[in-house]
Amino acid sequence: MNKILSELSTLIIEGNFNDAPAKTEAALLEGLRAESILNEGLMPGMDYVGVEFKSGNMYIPEVLQSTKAMQSSMDIIRPLLAETGVEPAGKIIIGTVKGDLHDIGKNLVGMMCEGSGFEIIDLGKNIEPDAFVAAVEEHKPNILGMSALLTTTIGSMELAINALEEAGIRSTVKIMIGGAPVTQEFADKIGADGYASNAASAVDLAKRFSS
Ligand code: B12
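143 is the number that numbering that gives the first Met the number 0 gives to position 144 of the sequence shown; each next residue is one higher, with no gaps.
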């Protein structure tokens, strides 16, 4: 691997968001294309973080630092990627359901998916079922991700799926759900396409849905 890209990967793994932007600029100055920086520098770094997180060698605060470093580099190359017309891996709409203000896990999932090349449209938190429907109609994503942390709000995921059915657009989008009270059994019950218990598994699921 190119030395500067390997150093950038290491900065992502270390969660060094102070130095990652300068290293990204240096890679561009060296003549590397934004696409190479993403695919050969940033993504391998985040892939490593995902593996380490899943195997219990990295913890949430460290993953958040890494995603922040990733974001700081993405801020620099995102406009260049758009210019060169690099196709994203897929488009994901994500949001925390109605009545629920927990967004740390949802943000982590969004950031890790962005780090893996997906375009993310983050609707935020406390999102009404109809707002999910309107967003799917407007943005036509491949995947809709819903998050809930309260046993009192997970029911809103089913309402959103029903609302998508009623609008006739349920089959246009894969639905993945997550959050501490959510289980695979619950996902099956409400007719979601998939469940992931953490951000790294959410990335795997999103990749599976888009391949
Ligand atoms: C931080 C926190 C808060 C913060 C939220 C800040 C924020 N911006 O998010 C504040 C203080 C606002 C808060 C408020 C409340 N909270 Co609170 N909160 C928590 C706490 C401590 C941590 C949650 C968290 O961020 N975890 C870290 C993230 C990274 O993990 P995660 O969310 O599970 O996400 C991971 C996975 O679930 C998955 N995932 C998540 N979303 C998605 C989406 C998709 C698509 C996929 C595939 C995967 C996925 O991937 C993520 C990353 O690995 C939990 C306790 C706990 N230990 O979980 C309680 C907890 C969730 N809260 C609880 C409660 C009761 C409340 C309040 C009702 C308290 C009150 N009486 O006011 C309010 C409700 C406010 C509301 N309407 O939402 C309870 C819920 C109980 C229950 N079973 O319903 C918990 C479990 C605490 C407890 N033990 O009682 N809370």
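Glycine included, every Cβ here is placed at the ideal spot set by N, Cα and C.
Can you list, in chain order, the residues of its chain with a C-beta nearer than 6 Å to that of residue i? Leave out the 5 residues immediately preceding and following it.
i: proline 43; result: Ser8
i: alanine 191; result: Ile174, Ile176
i: leucine 79; result: Ala33
i: arginine 169; result: Leu163
Could you tell me which residues DSSP pairs with residue i in its beta bridges?
i: isoleucine 3; result: Partner(s): none; isoleucine 3 has no beta bridge.
i: serine 155; result: Note: serine 155 sits in no beta bridge, so no partner.
i: isoleucine 119; result: Ile91
i: isoleucine 126; result: Val96
i: glycine 55; result: Answer is none; glycine 55 lacks a bridge partner.
i: tyrosine 47; result: Answer is none; tyrosine 47 lacks a bridge partner.
i: glycine 193; result: Met175
On the DSSP letters alone, give me the boundaries of the alpha helix (DSSP H) that residue i sits inside.
i: asparagine 106; result: 103 to 114
i: leucine 204; result: 198 to 209
i: isoleucine 142; result: Counting along the chain, isoleucine 142 falls outside any alpha helix (DSSP H), though it belongs to the beta strand (DSSP E) covering 142 to 146.
i: leucine 27; result: 19 to 28
Residues in its own chain within less than 8 Å of residue i by CB, not counting five upstream and five downstream?
i: serine 200; result: Lys53
i: isoleucine 120; result: Lys90, Ile91, Ile92, Ile93, Ala134, His138, Pro140
i: leucine 27; result: Ala33, Ile36, Ile75, Ile76, Leu79
What are the boundary residues of the beta strand (DSSP E) that includes residue i?
i: methionine 175; result: 173 to 177
In chain order, what residues of the same chain have a beta carbon less than 7 Å from the beta carbon of residue i, not counting five sequence neighbours either side?
i: isoleucine 75; result: Pro20, Thr23, Glu24
i: aspartate 99; result: Lys124, Asn125, Ala147, Leu148, Leu149, Thr152
i: glutamate 29; result: Ile3
Measure the beta-carbon distance from residue i to residue j and round it to whole angstroms, keeping in mind my assumption that it falls under 8 Å.
i: proline 140; j: isoleucine 91; result: 6 Å
i: valine 108; j: glycine 144; result: 6 Å
i: cysteine 112; j: valine 181; result: Wrong, their Cβ atoms sit about 17 Å apart, outside the cutoff.
i: leucine 63; j: glycine 116; result: Not confirmed; about 20 Å, so no contact.
i: lysine 124; j: threonine 171; result: With 8 Å as the limit, lysine 124 and threonine 171 do not qualify as a contact, their Cβ atoms being about 24 Å apart.
Check: Is there contact between the region 125 to 134 and the region 71 to 90, where contact requires at least three CB pairs shorter than 8 Å?
Finding: The answer is no - the region 71 to 90 does not touch the region 125 to 134, with fewer than three Cβ pairs under 8 Å.
Item checked: the region 22 to 34 / the region 54 to 70 touching (three or more Cβ pairs under 8 Å) -> Taking one beta carbon from each stretch, the region 22 to 34 and the region 54 to 70 have fewer than 3 pairs nearer than 8 Å; the two do not touch.
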